[in-house]
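In numbering that gives the first Met the number 0, the protein residues as written are 0 to 104.
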Amino acid sequence: MITPPSRIAFIGLGVMGRSMALNLLKAGYVLNVYTRTRASADAVIAAGATWCDTPAAACADARAVITIVGVPADVREVYFGDNGLLAAAAPGTTLIDMTTSEPQL
Numbered sequence: 000m001i002t003p004p005s006r007i008a009f010i011g012l013g014v015m016g017r018s019m020a021l022n023l024l025k026a027g028y029v030l031n032v033y034t035r036t037r038a039s040a041d042a043v044i045a046a047g048a049t050w051c052d053t054p055a056a057a058c059a060d061a062r063a064v065i066t067i068v069g070v071p072a073d074v075r076e077v078y079f080g081d082n083g084l085l086a087a088a089a090p091g092t093t094l095i096d097m098t099t100s101e102p103q104l
């Protein structure tokens, strides 16, 4: 179980992701955040999250990573891309994808 004040990386701060990230901050978690458009992260950063320039940087010191991005192609990029999570996450990091996506993915 991951309890506050553990660090979580949150990737994807659209309407749903932003609300979820803000609730995690209110619950006492420490957040690293990344989203394609930094302006989308402004409210979450103002609430105390730390901005990271890539998904890989966001997960560097996180115990868990939550992703909620737009479409399956975005999931592939975030997880398997050059600055993706799978290459950067430490062993034992919990990866949680909440994107509406393809079951095979």
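Using N, Cα and C, we set each Cβ at its ideal position, and we do this for glycine too.
query: With C-beta atoms as the reference, is residue 9 less than 9 Å away from residue 92?
result: Result no, Cβ atoms of residue 9 and residue 92 do not sit closer than 9 Å.
- prompt: Among 70, 57, 21 and 101, which residue has its Cα nearest to the Cα of residue 84?
  reply: Selected option, being the one with the closest Cα: 57.
query: Do the stretch 37-47 and the stretch 11-22 touch if we need at least three Cβ pairs shorter than 8 Å?
result: Under the three-pair Cβ rule at 8 Å, the stretch 37-47 counts as touching the stretch 11-22.
- prompt: In angstroms, rounded to a whole number, what distance separates the CA positions of residue 104 and residue 37?
  reply: Taking the straight line joining both Cα atoms gives about 26 Å.
- request: Could you pull the start and end residues of the alpha helix (DSSP H) that residue 78 belongs to?
  value: 71-79 is the extent of the alpha helix (DSSP H) around residue 78.
Outcome for residue 31 when other beta-carbon atoms lying within 10 angstroms are tallied against a minimum of 16: Around the beta carbon of residue 31, 16 or more other beta carbons lie within 10 angstroms, which makes this residue buried.
query: For residue 43, which three-state DSSP category applies?
result: DSSP places residue 43 in helix when its eight states are reduced to three.
task: Please state whether DSSP places residue 56 in a helix, a strand or coil.
output: If DSSP states are grouped into helix, strand and coil, residue 56 belongs with the helices.
Rounded Cβ spacing between residue 88 and residue 7 (contact assumed at less than 8 Å): Contact doesn't hold; Cβ gap of about 12 Å is too wide.
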